[in-house]
Amino acid sequence: STVVLVFEAPTEEFEFKVRPGEKVKVGQKLGDV
Amino acid sequence: LINAWTETPTKWYPLPLAVGALLLVALQYRKKVRRAQKEVMLDENGVEVVKLKGPWHVHVLGALPLRNMSRLWGYVNSLELPVWFRPYGFKLYAYAFGCNLDEIEPRDLRAYPSLGDFFYRKLRDGVRPVDDAILVSPADGTILHFGAIKDLRVEQVKGITYSLDAFIGVDKPGSINSSNNPLGVVVEHNPDMTVVDDREFANVNGIEYSLGQLIGGGNGGSSGTNTPVSGTLTPMTEEPAGAGGASDGDSGGSIPRLPRVGAAAKKFEDQGDVSVVEPERSLQETLARDVSVAKEMMGTLNRTPSMTPTNDNDNEDGNGGSSTPAGRPAHERKHSSPIRNLRPGHSLFFTVVYLAPGDYHRFHSPTAWVVEKRRHFVGELFSVSPWMAKRLEGLFVLNERVALLGRWRYGFFGMVPVGATNVGSIHVNFDKNLRTNVRGRRPPPGRYSEAVYSGASVLLGGQPLERAQEMGGFRLG
Numbered sequence: 007s008t009v010v011l012v013f014e015a016p017t018e019e020f021e022f023k024v025r026p027g028e029k030v031k032v033g034q035k036l037g038d039v
Numbered sequence: 007l008i009n010a011w012t013e014t015p016t017k018w019y020p021l022p023l024a025v026g027a028l029l030l031v032a033l034q035y036r037k038k039v040r041r042a043q044k045e046v047m048l049d050e051n052g053v054e055v056v057k058l059k060g061p062w063h064v065h066v067l068g069a070l071p072l073r074n075m076s077r078l079w080g081y082v083n084s085l086e087l088p089v090w091f092r093p094y095g096f097k098l099y100a101y102a103f104g105c106n107l108d109e110i111e112p113r114d115l116r117a118y119p120s121l122g123d124f125f126y127r128k129l130r131d132g133v134r135p136v137d138d139a140i141l142v143s144p145a146d147g148t149i150l151h152f153g154a155i156k157d158l159r160v161e162q163v164k165g166i167t168y169s170l171d172a173f174i175g176v177d178k179p180g181s182i183n184s185s186n187n188p189l190g191v192v193v194e195h196n197p198d199m200t201v202v203d204d205r206e207f208a209n210v211n212g213i214e215y216s217l218g219q220l221i222g223g224g225n226g227g228s229s230g231t232n233t234p235v236s237g238t239l240t241p242m243t244e245e246p247a248g249a250g251g252a253s254d255g256d257s258g259g260s261i262p263r264l265p266r267v268g269a270a271a272k273k274f275e276d277q278g279d280v281s282v283v284e285p286e287r288s289l290q291e292t293l294a295r296d297v298s299v300a301k302e303m304m305g306t307l308n309r310t311p312s313m314t315p316t317n318d319n320d321n322e323d324g325n326g327g328s329s330t331p332a333g334r335p336a337h338e339r340k341h342s343s344p345i346r347n348l349r350p351g352h353s354l355f356f357t358v359v360y361l362a363p364g365d366y367h368r369f370h371s372p373t374a375w376v377v378e379k380r381r382h383f384v385g386e387l388f389s390v391s392p393w394m395a396k397r398l399e400g401l402f403v404l405n406e407r408v409a410l411l412g413r414w415r416y417g418f419f420g421m422v423p424v425g426a427t428n429v430g431s432i433h434v435n436f437d438k439n440l441r442t443n444v445r446g447r448r449p450p451p452g453r454y455s456e457a458v459y460s461g462a463s464v465l466l467g468g469q470p471l472e473r474a475q476e477m478g479g480f481r482l483g
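The listed protein sequences correspond, in order, to chains G and H. For the first sequence, the working numbering gives the first residue as 7, with consecutive numbering after it. For the second sequence, the working numbering gives the first residue as 7, with consecutive numbering after it.
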């Protein structure tokens, strides 16, 4: 199963804080402004 | 060999004309096939038609009855296991798929009657600390991919993209959405026909209340979100489909009905109850939650420009003007959609989290946001493993999925749980009517049924969700 997030965010300020292939847990930081 | 290579004289001679002609035909055919594969097929509404594309083994998989297999898998795993066997069986499963049994609740493995129940296990409080970031992971899993969305195409893997319109659906002109359905009446939407349910209820955390109770009594059909809330909410008795709740007159007020649409109008199909995990809240608690979400959304109580229904301003419609960039393909300009009216300086981003079989299979809210609607796309149930994602084009558009659409601090926000062969059942805690992976004739790809949650919160006009709040999950089969 998969969860896909699609969202609008400020182009310059928004930054993903993960890497492809990284294991994540619920509540872990995905991205921030 | 060396002698043959060095001493054999090279003798040139012309190919027969027929061989050359055949070669040209073969090259032309290959070019045509490749062009056809790259060609984007559009339906009569201008939405991309997704077809099975990929190597031969993908087509073999596509020929399998995946949905029936999925349901059979779910049935087998719902069978109750002997109590003595459960610890051994679940420990073996945990060992094979890497589950951490120290963090589950309850910890006694004998408490899980079946593998299906164990698969949908809960976590102990506090084992998942929530980061302060604006966006957190909605699930345990692996980040498959992320990035910015360009030209409304999402990258599945490098070099393979799919249409965002096909993935989350487009608003059709005349469709009933949260803006013209302020009472939150559930609407089944199909691009070809609009089916309206006139039962009076609003869904607050999975508990249904009559709209009259929720927004206060009174006559005259005062609708909208400014109606003062009064009284204590009590769950409304579930009425069988066809009972016509609006006509009973005991639900606390006169609620304007949505119009039925021609012969296509029919009663809402009762999809049964879905287990609700969230605790029951009082009105005060509900309002406190709403205010908390609103605060996190930094005062974006008003509908953001991205969710405001807009005129298509399509020259074809004769409305004149255009809010969409010039040069966009006609099929993209044909629809009004929140993803087309972004705020200045904003872009669309995406991220894909893959849940492996051993992972905790409930999903949580990735941010503080308001879910305004859900769109249920009935589709295939291919595996969504990274192996498959690399081979099957448009995998996420082909599969069954539930698109939860709304708004957050920065505008549009969408979360889409996508089903797979082993986990075809998608549950959303606050949507008791949603049923996925059901038997029956499947509508063509691209069609969806829609429910609007605008009545879930009088204050926010949708279902408010706090960061990391449990939203639902995937179940076997």
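Glycine included, C-beta positions come from ideal geometry on N, C-alpha and C. These figures come from a predicted structure and were not determined experimentally.
C-beta contact flag for residue i and residue j at 8 Å
i              : j              : result
P16 (chain G)  : I149 (chain H) : no
V30 (chain G)  : V24 (chain G)  : yes
V64 (chain H)  : R397 (chain H) : yes
L72 (chain H)  : L404 (chain H) : no
E533 (chain H) : L129 (chain H) : The requested residue 533 (chain H) is not part of the displayed model; chain H covers only 7 to 483.
R357 (chain H) : F22 (chain G)  : Inspection of the sequence shows that residue 357 (chain H) is occupied by Thr rather than by Arg. Yes, Cβ-Cβ distance for T357 (chain H) and F22 (chain G) is below 8 Å.
R134 (chain H) : L115 (chain H) : no
P144 (chain H) : V359 (chain H) : yes
V408 (chain H) : G468 (chain H) : no
H382 (chain H) : T442 (chain H) : yes
Residues bridged to residue i (per DSSP)
i              : result
M421 (chain H) : G:L11, H:L410
Q469 (chain H) : H:V377
G478 (chain H) : H:F369, H:V434
N405 (chain H) : H:E386
F125 (chain H) : Answer by DSSP bridge pairing: none, since F125 (chain H) is not bridged.
E55 (chain G)  : One cannot answer for residue 55 (chain G) here, as it falls past the ends of chain G, which runs 7 to 39.
S169 (chain H) : H:R159
E111 (chain H) : H:K128
S353 (chain H) : G:A15
K37 (chain H)  : Per DSSP, none; premise fails for K37 (chain H).
K29 (chain G)  : H:T148
Residue i in three-state terms, based on DSSP
i              : result
E302 (chain H) : helix
A457 (chain H) : strand
A395 (chain H) : helix
P61 (chain H)  : coil
V444 (chain H) : coil
F103 (chain H) : helix
I155 (chain H) : coil
I345 (chain H) : helix
G147 (chain H) : strand
G95 (chain H)  : helix
I8 (chain H)   : helix
S288 (chain H) : coil
K340 (chain H) : Confidence in K340 (chain H) is poor, its pLDDT being 45 and thus under 50, which makes the residue's placement too unreliable to answer from.
T240 (chain H) : Caution is warranted here: a pLDDT of 31 is assigned to T240 (chain H), below 50, making its placement in the model unreliable, and the coordinate value is therefore given only provisionally. T240 (chain H) falls in the coil class under three-state DSSP.
L85 (chain H)  : coil
I174 (chain H) : helix
Y416 (chain H) : coil
A69 (chain H)  : coil
L141 (chain H) : strand
V556 (chain H) : The structure shown has nothing for residue 556 (chain H), since chain H only spans 7 to 483.
V464 (chain H) : coil
V359 (chain H) : strand
G4 (chain H)   : Residue 4 (chain H) cannot be examined here, being either before or after the span of chain H that is shown, 7 to 483.
R295 (chain H) : helix
G26 (chain H)  : helix
Proximal residues of chain G, C-beta to C-beta of residue i below 9 Å
i              : result
R134 (chain H) : K31, V32, G33, Q34
V359 (chain H) : T8, V9, V10, L11, V30, L36
D64 (chain H)  : Sequence check: residue 64 (chain H) is Val here, not Asp. Chain G residues near V64 (chain H): none, gap ~17 Å exceeds 9 Å.
V390 (chain H) : S7, T8
I8 (chain H)   : By Cβ distance, chain G contributes nothing, its closest Cβ being about 49 Å from I8 (chain H), past 9 Å.
G165 (chain H) : Neighbours of G165 (chain H) on chain G: none; closest Cβ ~15 Å, over 9 Å.
Chain B contact for residue i (CB, 8 Å cutoff)
i              : result
D108 (chain H) : In the displayed structure, chain B is absent; the protein chains listed are G and H.
Interface partners of residue i on chain G, CB under 8 Å
i              : result
I140 (chain H) : G37, D38, V39
F383 (chain H) : Here the premise fails: no neighbours, minimum Cβ distance about 12 Å.
Interface residues of chain G facing residue i [CB-CB closer than 7 Å]
i              : result
F369 (chain H) : V9
H352 (chain H) : E14, A15, P16, T17
L440 (chain H) : By Cβ distance, chain G contributes nothing, its closest Cβ being about 15 Å from L440 (chain H), past 7 Å.
V429 (chain H) : S7
H151 (chain H) : P26
F125 (chain H) : Chain G residues near F125 (chain H): none, gap ~11 Å exceeds 7 Å.
G147 (chain H) : V30
F355 (chain H) : F13, A15, F20
Proximal residues, the segment 405-425 of chain H versus chain G, C-beta separation under 7 Å: W414, Y416, G417, F418, F419, G420, M421, V422, P423, V424, G425
Note down, in chain order, all residues in the segment 466-479 of chain H with a beta-carbon under 7 Å from any beta-carbon belonging to chain G. A474
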